[in-house]
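**Q** Residue numbering for the sequence shown is 118 to 434, as defined by the numbering used here. Ideal Cβ placement from N, Cα and C applies to all residues, glycine included. Values in this document were obtained by computation on a predicted structure and should not be read as measured data.
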Amino acid sequence: ETWRFGLEETEGSVQYGYAEEFKKLIEEKSGGDITVQLLPYGTWGSSYTALYDAIQNGAIQLGFGSGFLGGTVPESQLMSLNFVMPSDQLKTAKILNSDAFLKSDAWQQSFRERGLVPLGALPEGYQVWTANKEIRTPEDMDGWQVRVMDNSLLRATYEAYGASPITIAYGELYSALQQGQAEGNIQPVFAHENMGFYEVQDYMIFADQAQFVANLFGNLEWYEGLSDEQRQTLETTLDEMVQKGHEIQSQFNSERLDIIKEKGDIKIIELTEEERAQFRELAKPIRQVYVDMVGERGQKALDILLEQGVGSSDQGS
Ligand code: 6CS
Numbered sequence: 118e119t120w121r122f123g124l125e126e127t128e129g130s131v132q133y134g135y136a137e138e139f140k141k142l143i144e145e146k147s148g149g150d151i152t153v154q155l156l157p158y159g160t161w162g163s164s165y166t167a168l169y170d171a172i173q174n175g176a177i178q179l180g181f182g183s184g185f186l187g188g189t190v191p192e193s194q195l196m197s198l199n200f201v202m203p204s205d206q207l208k209t210a211k212i213l214n215s216d217a218f219l220k221s222d223a224w225q226q227s228f229r230e231r232g233l234v235p236l237g238a239l240p241e242g243y244q245v246w247t248a249n250k251e252i253r254t255p256e257d258m259d260g261w262q263v264r265v266m267d268n269s270l271l272r273a274t275y276e277a278y279g280a281s282p283i284t285i286a287y288g289e290l291y292s293a294l295q296q297g298q299a300e301g302n303i304q305p306v307f308a309h310e311n312m313g314f315y316e317v318q319d320y321m322i323f324a325d326q327a328q329f330v331a332n333l334f335g336n337l338e339w340y341e342g343l344s345d346e347q348r349q350t351l352e353t354t355l356d357e358m359v360q361k362g363h364e365i366q367s368q369f370n371s372e373r374l375d376i377i378k379e380k381g382d383i384k385i386i387e388l389t390e391e392e393r394a395q396f397r398e399l400a401k402p403i404r405q406v407y408v409d410m411v412g413e414r415g416q417k418a419l420d421i422l423l424e425q426g427v428g429s430s431d432q433g434s
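This is the structure in structure tokens:
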């Protein structure tokens, strides 16, 4: 049988790199029983909702959903909170893929209630700002028209920072930045390179405020209908992919940063601890915004993360 795997990103992206490795493992382990077909950005329709709908109705068996998934699974916006995850990216991957979080009733029900099942999460690297002016403090963000993914929590976060967030489709973002409809962008480094965004922006700002995290999820009926053997193949592959996914994103992000530095003339800024602290302070109340938005189940999911994630290196401490 064929598993169709929908990606929110194009070839050359972290999601694509992950999916290629996932495909290889599943096909090897299943001894030819399963074929995985990769469907990169654009092959399943024009809006992310089309992808999520196709997974809900079973036309596509599994796929990734990140910032835009909030419209389908509101609780998934948990992944968009700033200053919550541990700064260690592998640790973040392990926590998000732990049974304690992934198999919790709170997280399972959030997806199952919508005909979906959560399979894992893929941190794709730190979210890095780009702009046409220097940004170091919330004051610098005043009125700044930054493009965010279509997600109420991200809008609330950037409004709290003082910016004026706007939403634009991923595929239309390059020209929007070029033409000045959007004045800033937020992406992991590989995406700034993969989509060419860095070519039309002057500053790249590392604030380490959040990692980009994509949820991996499947159609619930498809998942329930898997044989024991197929489910075993899926589970062991997902386990292996936690470490591999981390290696893929680390490699992609570091190689692409080198390319950006080599090819572009974008200026790189790294915020100091004092500068970061100003954003962290403003981001704190957004945890409550998340809970107010999605309710008790969201509170539970957040609590599980905080219980596991808070340590000496925690971004939120
Ligand atoms: O910004 C976006 O809309 C997209 N960016 C990435 C890196 N992946 C998917 C996401 O939706």
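Taking the alpha helix (DSSP H) that Arg404 falls in, what are its first and last residues?
**A** Translated into the one-based positions of the sequence shown, residue 404 becomes position 287. Its alpha helix (DSSP H) spans residues 403 to 411.
**Q** Quick one: what does DSSP say Gly129 is sitting in, helix, strand or coil?
**A** Numbered from 1 along the sequence shown, position 12 holds the residue referred to as residue 129. Three-state DSSP puts Gly129 in coil, outside helix and strand.
**Q** In the DSSP assignment, find the beta strand (DSSP E) that holds Tyr243 and state where it starts and stops.
**A** Locating residue 243 in the sequence shown gives position 126, counting from the first residue. 233 to 248 is the extent of the beta strand (DSSP E) around Tyr243.
**Q** Which two residues bound the contiguous alpha helix (DSSP H) that contains Lys384?
**A** The residue given as residue 384 occupies position 267 in the sequence shown. In the DSSP assignment, Lys384 falls outside any alpha helix (DSSP H) and within the unbroken beta strand (DSSP E) covering 384 to 387.
**Q** Which residues end up in the neighbourhood of the ligand 6CS when you take C-beta atoms closer than 6 Å to any of its heavy atoms?
**A** Glu125, Glu126, Ser183, Gly184, Phe185, Met266, Tyr287, Gln304, Pro305, Ala308, Phe329
**Q** Is it buried or exposed for Ile403, if we count other Cβ within 10 angstroms and need 16 for buried?
**A** For this step, residue 403 is matched to residue 286 along the sequence shown. By the neighbour-count rule (16 or more Cβ atoms within 10 Å), Ile403 is buried.
**Q** Output needed for Ile283: all residues of its chain with C-beta closer than 7 Å, excluding positions within five of it in sequence on either side, in chain order.
**A** Mapped onto the sequence shown, residue 283 falls at position 166. Counting only Cβ-Cβ distances below 7 Å, and skipping sequence neighbours, we find Gln262, Arg264, Ala299.
**Q** In terms of alpha-carbon separation, which member of Ile376, Thr389, Asn332, Met321 lies closest to Leu236?
**A** If you number the sequence shown from 1, residue 236 lands on position 119. Among Ile376, Thr389, Asn332, Met321, the Cα nearest to that of Leu236 is on Asn332.
**Q** In this structure, what does DSSP give as the bridge partners for Pro305?
**A** Taking the first residue of the sequence shown as position 1, residue 305 is located at position 188. Answer is Gln244, bridged to Pro305.
**Q** Are the CB atoms of Gly313 and Tyr340 within a distance shorter than 7 Å?
**A** Numbered from its first residue, the sequence shown carries residue 340 at position 223. Numbered from its first residue, the sequence shown carries residue 313 at position 196. Not in contact: Tyr340 and Gly313 (Cβ atoms no closer than 7 Å).
**Q** Are at least three pairs of beta-carbons, each pair with one atom in the stretch 192 to 202 and one in the stretch 317 to 333, less than 8 Å apart?
**A** yes
**Q** Let me make sure I understand the geometry here. Which of Gln349, Glu338, Thr254 has the alpha-carbon closest to that of Glu390?
**A** Start at 1 with the first residue of the sequence shown, and residue 390 comes out as number 273. Per the Cα distances, Thr254.
**Q** In the DSSP output, which residue or residues are listed as bridge partners for Tyr320?
**A** Counting from one through the sequence shown, the residue named residue 320 turns up at place 203. Tyr320 is bridged to Ala248, Lys384.
**Q** How is Arg264 classed by DSSP in three states: helix, strand or coil?
**A** As a first step, residue 264 must be located in the sequence shown, where it is residue number 147. Three-state result, Arg264: strand.
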